[in-house]
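This report refers to the structure that appears directly beneath it.
Number of protein chains: 2
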Amino acid sequence: MAIAPESSLFVLARGGRSTAMAVSMVELHKRSYSATSLLLPSPARELYFSRSLSIPSRPVKRSWCNISSFSPVVMSFMTSSKLIDGKSIAKKVREEISSEIMKIKDSTGIVPGLAVILVGSRKDSQTYVRNKKNACEDVGIASYEVNLSEDCTEEEVINHISVFNDNSAVHGILVQLPLPRHMNEEKILNAVSIEKDVDGFHPLNIGRLAMQGRDPLFVPCTPKGCMELLRRYDIEIKGKRAVVIGRSNIVGMPTALLLQRENATVSIVHSYTKNPEEITRQADIVISAAGVANLVRGSWLKSGAVVIDVGINPVDDANNPRGYRLVGDVCFEEACNVASAITPVPGGVGPMTIAMLLSNTLSSVKRIHSLN
Amino acid sequence: MAIAPESSLFVLARGGRSTAMAVSMVELHKRSYSATSLLLPSPARELYFSRSLSIPSRPVKRSWCNISSFSPVVMSFMTSSKLIDGKSIAKKVREEISSEIMKIKDSTGIVPGLAVILVGSRKDSQTYVRNKKNACEDVGIASYEVNLSEDCTEEEVINHISVFNDNSAVHGILVQLPLPRHMNEEKILNAVSIEKDVDGFHPLNIGRLAMQGRDPLFVPCTPKGCMELLRRYDIEIKGKRAVVIGRSNIVGMPTALLLQRENATVSIVHSYTKNPEEITRQADIVISAAGVANLVRGSWLKSGAVVIDVGINPVDDANNPRGYRLVGDVCFEEACNVASAITPVPGGVGPMTIAMLLSNTLSSVKRIHSLN
C-alpha cells in the first residue's frame, strides 16, 4: 500500500507532473515496496492489512477521507487546526543551505559534494537519483553519479564506495535502494564511511542516536525532517506524550529515539499493538509512519494534539487522470477538527526529506573541514 | 539514592556478607554514583528527586515499604503474586553454562577467556572485579586481569585493550567502570573489539539492537537478564503493553529495545514524564530501572501486571547491623497484592546480570570458534 517517503519526495517537489514517475509509483505500489513497510517483517505487514483496525485492506474508496490536502475542499476543513506547511519550510531550509554553501565557497573555495551510486535500471530509482541531483544543483552541491548494471558484483559496488570514501571532494555517499536481490544490502551499506553516511542508516549512527551522552554524525533524513517541522513551528516536545506509529529502521524507530532525546515520553505503536487507538489518543504529538491510508481517524486523536503524517499512500481515484491520488496515514479532514496542528499529504513531511539530505551533506562538509 | 545493578550483584551473590563491600556501597550511595542514574543528565536526576512523585528525596523511613523481600514478613505478603526467583534462575543458568563449557573443553580443548581491566584502586571496583573472577572460575572461564594505577594514561589502557583484542585466548573484554576522571570513557570503550564487547555497550551493538533485521553481537547483561527471567517464567511479551521506567544506556534503553524486538508495545517513562503512575498502570509488563527506592507503588500497577524490579537502593535501617538495607524501585509488599508475578530485591534481577556476563562470554567463544 505504502510508498516510501522518498517516493513522494519528488512528486511533491515537482508537483506530481512526471508521468514516468507516476507510473513508477504505481509499480512500487503494486510491488508493495515501501521504505517504511519493507523493513517491517512480512507477518507484521500482513497484520497491518488484516487486523480489525477499521481500515480497509485495499485503497480507500470513501471520498470524504481521500481528498488532496491542498484542495480548496480540504482547506475548508481547516477550522481548528494550524497547517504545518512542510513545502514552505523545506523551501526556506533549502534557501538557508544554499546561502551557507555560497559563503563557504566564497571564503574557502570548498564545494560540497554528494555521490550517488545506482545499480540497475529501475525507472523509479533513476527518477529519485535524477531528482537528488537536481536538488543538489539548486543549492550548489556538486553531485557525483555512478551507474552500474543490474548484474554487477557486490565487489564492484563496494569498490566504487571505497573510491568515494577516499575522494576528498565527496562529503556524502548514498547507495540508491533497493539493490538487486543478489546483493547483501547490509554489507554494501556498511562499506560507506560513517563520516559520509548522509542517510544516517549506519548502525553506529543509530546506536549513538539511542544513547544518552553520544551524538550521531548524521540523523536519518525523514525523522530529522519531522523534528525540524516541530522545531520551526515552536511545538514543545519536552515532557509531552508522543506516539510514533510504525517502527521501521528508516522512519519510526529513529523518530522515536529523536523524540526521546528531546525528553518526550514516547510510545511506539506497531502492527502487534492491540489498542492503537487508545494509546494514540493519549498523545500530545502523533507521528505516523505506518504506510496505511487513513489508518489514524479523528477518534484516535486527543483534542489539541499535533499530528505529523509521514505516510504517503496511493488510493484509487477515478476522477484523477492518474487513476489514483496520494493520502497520508491520517484521515486529514477528521483530524483537522481535533488536532491543533497537522501536516498535509502531500506537502508536509515529504518535501522535508530531501531538504534534510542537503542539510546532512552541508553538515558533513563543515565537519570534515572543521568549518563553523 | 541508587546503586548500580552491578553493585548489588555481588551483595546478592555473596549474601551481602562483605563488610568492605557494604562500606563501598554506602560510599557509592553518598556519591550518588549509579550505573543507572549516572547516565541520566544531572537535571534529570535532580527532577527525579524533586518532583512530586509522592516519593521522599531521602532514604525512605516507613518500614512498611522497606522490608527485605526475602524476610518472612514479606513472604507473607505473597498472597496473589508469583515470586520470580532470579537467584534460582541465575544458578540454573550458571550450571548450564558450566556444563556447556565443559563439553567445549572436552571436545575442542578451547578454554573461554574473559579479560578485565581495572584502573585505580577503588574498593568497590576491586570487589566487583574479584567477584567476576570468582564467577568465571566457577563455570570454567579463564580470567585475565590487568590492574593499572589511577594516574596511568589513556594510551596505556588502550594498549592493554589492544593486546587483549589480539589475544586469541581472550573472548571477552571488560573495562571496569568508572574510569578516573581524566580519561575519556567513550574513547576507551570504543577501543574494545566489537567481537569481544561482552558488556554490549558499544554503540554498534546498541544500533543493531534497535534495528529490525540486524542482530547485536552482544546484549547488555542486565537487560538480557530481565528478558531471560520473562522467558524462563513463560511470560508472553508479544502484543503486551510494556512500560520501562528509566532510560539509562545500560539498562532502561536497551531493555526497551529488547521488549520491542519481542513485539511488545513499549513506553519509556523517565524523569520528564508528567504522569508516570497513569502510564505505568496501563502496562502488562513493568520493568523499573529508575534507581529510586519505592518509586512504584501498588497504585501504579494494573492488576495482574508482571513486575521486574531492576532497582537496588539502600534505605536507612537502624535495626540492620549495616545501618541500611536494600530495596528495589517497587514497593514490594504493595505490588505483590496487585501483580501476577514480581521479582524480589535482592534476589531478582541482580543475580542474573553476572549470569548473563558469563553467557555472553560463552556466546563469544562459540562465535569466534564457529562452535554450535
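First to last, the sequence lines map onto chains A and B.
Numbers given in my numbering equal positions in the first sequence, counted from 1, plus 1048.
Numbers given in my numbering equal positions in the second sequence, counted from 1, plus 1048.
Just so you know, even glycine gets a beta-carbon here, dropped at the ideal spot from N, CA and C.
Residues near residue i in its chain [Cβ-Cβ closer than 7 Å; skip 5 each side]
i	result
Ile1416/A	His1219 and Glu1243
Leu1331/A	Correcting the residue identity first, residue 1331/A is Ala in this sequence and not Leu. Excluding residues within five positions, the ones whose Cβ falls inside 7 Å are Arg1289, Ala1290, Val1291, Lys1350 and Ala1353.
Leu1410/B	Ile1145, Glu1148, Ile1149 and Pro1160
Asp1263/B	Arg1256
Same chain, Cβ closer than 6 Å to residue i, five either side skipped, listed in chain order
i	result
Gly1168/A	Glu1198 and Pro1228
Asn1408/A	Val1246 and Phe1266
Ala1312/B	Ile1285, Lys1288 and Ala1290
Val1355/A	Val1334, Val1378, Ala1383, Ala1387 and Ile1390
Ser1191/A	Leu1162, Lys1181 and Cys1184
Ile1221/B	Ala1163, Phe1212, Val1240 and Lys1244
Asn1420/A	none
Val1413/B	Pro1160 and His1219
Asp1365/A	Tyr1372 and Arg1373
Gln1308/A	Val1314
Lys1130/B	Ala1389
Gly1300/B	Val1292, Gly1294 and Ala1337
Which residues DSSP lists as bridging residue i, in chain order
i	result
Ile1293/A	Val1317/A and Ser1336/A
Arg1373/A	Val1363/A
Leu1196/B	Val1167/B
Asp1357/B	Ser1336/B
Ile1221/B	Ala1163/B
Ser1191/B	Leu1162/B
Ile1390/A	Leu1131/A and Val1355/A
Val1378/A	Val1344/A
Cutoff 8 Å; reference residue i; Cβ partners in own chain excluding five residues on either side
i	result
Ile1327/A	Val1291, Ser1315, Val1317 and Thr1321
Glu1310/B	Met1275, Ile1285 and Lys1286
Leu1166/A	Ser1173, Gln1174, Val1177, Glu1193, Val1194, Asn1195, Leu1196 and Gln1224
Val1397/B	Pro1053, Gly1134, Thr1270, Gly1273, Cys1274, Leu1277, Ile1356, Asp1357, Val1358 and Thr1391
Gly1261/B	none
Ser1210/A	Ala1239
Arg1142/A	Ala1183, Asp1186, Val1187, Ala1403 and Leu1406
Pro1302/B	Gly1248, Ile1254, Leu1257, Val1267, Pro1268 and Pro1271
Cβ-based burial, residue i [other Cβ within 10 Å; buried from 16]
i	result
Ser1147/A	exposed
Gly1371/B	exposed
Glu1276/A	buried
Asp1404/A	The sequence as given places Met at residue 1404/A; Asp does not occur at that position. Buried.
Pro1369/B	exposed
Asp1282/B	exposed
Asn1232/A	exposed
Thr1201/A	exposed
Ser1418/A	exposed
Ala1217/A	exposed
Arg1279/A	exposed
Ile1051/A	In this predicted model, Ile1051/A has a pLDDT of only 37, less than 50, meaning its place in the structure is not dependable; the value taken from the coordinates is given anyway. Burial call: buried.
His1230/A	exposed
Asn1207/A	exposed
Lys1155/B	Before going further, note that residue 1155/B is Ser rather than Lys in the sequence given. It is exposed - the Cβ of Ser1155/B has fewer than 16 other Cβ atoms within 10 Å.
Asp1214/B	exposed
Asn1179/A	buried
Gly1157/B	exposed
Rounded distance between the beta-carbons of residue j and residue i, thought under 8 Å
i	j	result
Val1363/A	Val1375/A	5 Å
Ala1341/B	Asn1367/B	In fact, because the Cβ distance is near 17 Å, the residues do not count as touching under 8 Å.
Trp1348/B	Arg1373/B	That belief does not hold up - the Cβ atoms of Trp1348/B and Arg1373/B are roughly 22 Å apart, past 8 Å.
Ile1254/A	Gly1255/B	4 Å
Leu1306/B	Ala1258/B	That belief does not hold up - the Cβ atoms of Leu1306/B and Ala1258/B are roughly 10 Å apart, past 8 Å.
Ala1338/A	Gly1294/A	4 Å
Asn1323/A	Ser1128/A	That pair is no contact at about 26 Å.
Residue i Cβ short of 8 Å to the ligand COA heavy atom set
i	result
Glu1234/A	Among the components of this structure there are no ligands whatsoever, and the ligand COA is therefore not found.
| Three or more C-beta pairs below 8 Å linking the stretch 1232 to 1240 of chain B and the stretch 1248 to 1259 of chain A | no
| task | State whether the stretch 1172 to 1188 of chain A contacts the stretch 1128 to 1138 of chain A, with contact taken as three or more CB pairs (one from each stretch) at a distance under 8 Å. | result | No: fewer than three Cβ pairs fall under 8 Å.
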